[in-house]
Amino acid sequence: MAQNDPVNAPDSLASLNGMTVYGLDLSYFTGKLQAYLRYCELPFRFVDMNTGDMRKVAQKTGMAQMPAIELADGRWLTDTTAIIDWIEGLRPRIEVTSKDPVLRFFSLLMEDYADEWLWRPALHYRWSFRSDAEHMGGRIAREMMRDLPLPVWLRKATIIRRQKTKYVRGDGVSPATRAHVESIYLRNLSDLEAIFHTRPFMMGNRPSLVDFAFMGPMFRHFSLDPTPAKIMRDQAPGVYEWVGRVWNAKASEYGGNSLLDEAPQDWSPFLRDMGRGYLPYLAANALAAGQRRGQFNTQIEGVAYHLPVNLNRVHCLGRLQAAYMALPPYAAKIVRLRLERAEAWQPFWQVRAPKVGFDPGDNLPFLTAKTAWTRGGPRLRIGSAVHDGHGR
Ligand SMILES: N[C@@H](CCC(=O)N[C@@H](CS)C(=O)NCC(=O)O)C(=O)O
0 MAQNDPVNAP DSLASLNGMT VYGLDLSYFT GKLQAYLRYC ELPFRFVDMN TGDMRKVAQK
60 TGMAQMPAIE LADGRWLTDT TAIIDWIEGL RPRIEVTSKD PVLRFFSLLM EDYADEWLWR
120 PALHYRWSFR SDAEHMGGRI AREMMRDLPL PVWLRKATII RRQKTKYVRG DGVSPATRAH
180 VESIYLRNLS DLEAIFHTRP FMMGNRPSLV DFAFMGPMFR HFSLDPTPAK IMRDQAPGVY
240 EWVGRVWNAK ASEYGGNSLL DEAPQDWSPF LRDMGRGYLP YLAANALAAG QRRGQFNTQI
300 EGVAYHLPVN LNRVHCLGRL QAAYMALPPY AAKIVRLRLE RAEAWQPFWQ VRAPKVGFDP
360 GDNLPFLTAK TAWTRGGPRL RIGSAVHDGH GR
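In this text, residue positions in the sequence shown follow numbering that gives the first Met the number 0: the first is 0, and each later residue adds one.
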C-alpha cells in the first residue's frame, strides 16, 4: 500500500500532520474548531479566507461554509460537529466527549443547541446594531473581501446589506420577534454564569465538547461584538472569564482532571429552553422541509415567526434522533426521563426528520461536491429560500 494513499491508509493522528484550517478569526464555527484544536495541541496552518478561498472550499467540500480543513494528503473536511467527532476517534486520551452513552447524548444535544439556536441572536446582535455592523462590516470588507476589486466602502456596504437581508430580516428577526431573539442570549448568559460560579467548565474541571460548542457564539460573537460584549461584561463576568479560560486551555495541563459522570442538574435550564423553543422550532422546520416548502410560519414561545427552511437543521435533528435510537436500552431510558422532565421529549419526536438529500452516503466530515447532496440537490427540489442548501 502506498504510504500516503489517501484511500487505503488507516487514519491516525499522523493524518493531521501538516493540516491547513481555512476560516476567519471572526467566525462562529471557526472559533469553535480553533478552540478545540488548540486544546488538543494539534498544530495547524491557518488561512484567513478570502472570497476565492471560499469558492475553493465550496468546490472541494460541496459546502460554501467555514471552517474547512485540508489534510496534507489532499482530503478536505467540513462541518465542525463531524470534524471533532472524527478527530476524537483518533485521539488516544483526555477525550472531550464522555464515553458514557447518556452523557455523550446530552453533550451532542447541547452542542447542537449552541451551534444552531444561538446563531440567530448572534447574527442579530452583530448586524442589527449600527456600531457592531460597522465594526464587523469593516473587518470583513478588509479581510475576507480583500481579493475583490472594489473600494473598501462598497465592499463594506455590500456585506452589511447581505448579512442583514440573509441573517436578520431573512432569518425571522423583526420588530415583533427582536425582544424574544435577544432574550435567548440573555437567558443563556445567566444560566452559564450560574454554572461558572460552581465549576470552571461545562462538564467539570476540564473542557469538553460542550465548552467548545458554546465558544462558537460566546467567543467569536458575543464577547467580541461591542453591544453583546458590554452586556456580557456587565451581567456575566464569569462567562467572559470562561471564554478566556477555554481559549487558553491545553489538554496536557488538564489530563489529571475528570469530567462529571452525569449530566449536571444545572443543564436543566438549557434542556427546558430546548423543550420550549429550539425543539418546537426544529420540528416546524422539519415539517416544512418535508412539505418541500422554502419558508414557514411558526410560534415560538408565543411569538409569531416567519422563517426560512434550513435543511442543515433538518439533518441535525435526524442526526440527534439517530443518536438516541442507537443508545443501549438503559441509557435510552435515562435520557428519556430527563427530557420528559424538561418537557423536551415530545418536541424532540414531534416530527421525524425527513431525508433532505444532504450527505446521503454518510461521508461527513469528508464531503465532496459530488457527495454533499443527492443528484439535483435541494436547489431543484425546494426553492430559492434555501438556494445554498443551507438556509444560511
Ligand atoms: N454546521 C457547520 C456550519 C458552518 C457555518 O455555517 N459557518 C458559517 C460561518 S461561522 C458560514 O460559513 N456561513 C456562510 C455564509 O454566511 O454564507 C459547521 O459546524 O461547520
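Using N, Cα and C, we set each Cβ at its ideal position, and we do this for glycine too.
Using C-beta distances below 6 Å, list every residue in its chain close to residue i, excluding the 5 sequence neighbours before and after it, in chain order.
| i | result |
| --- | --- |
| Asn-393 | Coverage of the chain is limited to positions 0 through 391, which leaves residue 393 absent and any answer about it impossible. |
| Val-95 | Ser-207, Leu-208 |
| Gln-162 | Trp-126 |
| Phe-221 | Pro-227, Met-231 |
| Leu-191 | Val-238 |
| His-389 | For His-389, the predicted structure reports a pLDDT of 38, less than 50, and the residue's modelled location is therefore unreliable. A value from the coordinates is still provided. Cβ neighbours of His-389 beyond the five flanking positions: Asn-311. |
| Gly-360 | Thr-370 |
| Asp-210 | Phe-200, Met-201, Val-245 |
| Thr-373 | Gly-356, Pro-359 |
| Val-56 | Tyr-21, Ala-67 |
Check residue i in the structure and name its three-state DSSP category.
| i | result |
| --- | --- |
| Phe-45 | strand |
| Val-95 | coil |
| Ala-8 | coil |
| Gly-254 | coil |
| Phe-211 | helix |
| Thr-19 | strand |
| Phe-365 | coil |
| Gln-290 | coil |
| Val-308 | coil |
| Phe-218 | helix |
| Phe-128 | coil |
| Leu-338 | helix |
| Gly-203 | strand |
| Leu-316 | helix |
| Ala-71 | coil |
| Gln-345 | helix |
| Val-302 | strand |
| Asn-247 | coil |
| Leu-270 | helix |
| Leu-147 | coil |
| Leu-223 | coil |
| Leu-76 | strand |
| Ala-13 | helix |
| Thr-197 | coil |
| Asp-297 | Reading off the sequence shown, one finds Thr at residue 297, where the question assumed Asp. Looking at Thr-297 - three-state DSSP - the assignment turns out to be strand. |
Near residue i, what residues of its chain come up, given a Cβ to Cβ distance below 7 Å and the 5 sequence neighbours on each side ignored?
| i | result |
| --- | --- |
| Met-143 | Leu-23, Met-48, Asn-49, Thr-50 |
| Val-355 | Ala-288, Leu-310, Val-313, His-314, Pro-377 |
| Arg-186 | Asp-272 |
| Glu-87 | Glu-94, Val-95, Thr-96 |
| Ala-193 | Asp-265 |
| Thr-297 | Tyr-280, Ala-283, Tyr-304, Leu-306 |
| Pro-9 | none |
| Ala-285 | Val-313, Leu-316, Val-350, Ala-352, Pro-353 |
Taking the CB atoms as reference points, tell me whether residue i and residue j lie closer together than 9 Å.
| i | j | result |
| --- | --- | --- |
| Trp-266 | Phe-195 | no |
| Leu-188 | Ala-235 | yes |
| Asp-170 | Leu-122 | yes |
| Leu-117 | Phe-213 | yes |
| Ala-303 | Phe-295 | no |
| Leu-102 | Glu-261 | yes |
| Arg-244 | Phe-200 | yes |
| Phe-104 | Ala-322 | yes |
| Pro-225 | Phe-357 | no |
| Asp-99 | Thr-80 | no |
| Arg-119 | Val-172 | yes |
| Ala-341 | Gly-255 | no |
| Met-18 | Ala-71 | yes |
| Met-62 | Leu-319 | no |
| Leu-15 | Phe-43 | yes |
| Arg-168 | Arg-154 | no |
Can we count residue i as close to ligand 3, meaning its CB is less than 8 Å from some heavy atom?
| i | result |
| --- | --- |
| Pro-66 | Absence of ligand 3 from the depicted structure is noted, with ligand 1 being the only ligands included. |
Among the options, which has the Cα closest to the Cα of residue i?
| i | options | result |
| --- | --- | --- |
| Ile-83 | Asn-256, Lys-31, Leu-259, Ile-139 | Lys-31 |
| Gln-345 | Gln-64, Met-65, Lys-98, Tyr-277 | Tyr-277 |
| Arg-92 | Cys-39, Tyr-166, Arg-168 | Cys-39 |
| Val-46 | Phe-347, Ala-331, Tyr-21 | Tyr-21 |
| Pro-364 | Phe-211, Ala-250, Trp-75 | Trp-75 |
| Glu-300 | Val-180, Ala-13, Met-65, Val-167 | Val-180 |
| Asp-178 | Ala-248, Tyr-124, Glu-69, Leu-270 | Note that residue 178 corresponds to Ala in the displayed sequence, not to Asp. Of the listed residues, the one whose Cα sits closest to Ala-178 is Tyr-124. |
| Pro-268 | Ile-68, Arg-337, Trp-348 | Arg-337 |
| Pro-216 | Tyr-184, Thr-197, Asp-233, Met-202 | Tyr-184 |
Please list, in chain order, all residues of the same chain as residue i whose beta carbon is under 8 Å from its beta carbon, the five residues on each side excluded.
| i | result |
| --- | --- |
| Leu-223 | Leu-25 |
| Gln-58 | Ala-368 |
| Trp-246 | Ala-34, Arg-37, Met-214, Phe-218 |
| Arg-145 | Asn-49 |
| Ala-343 | Leu-270, Arg-271, Met-273, Gly-274, Leu-278 |
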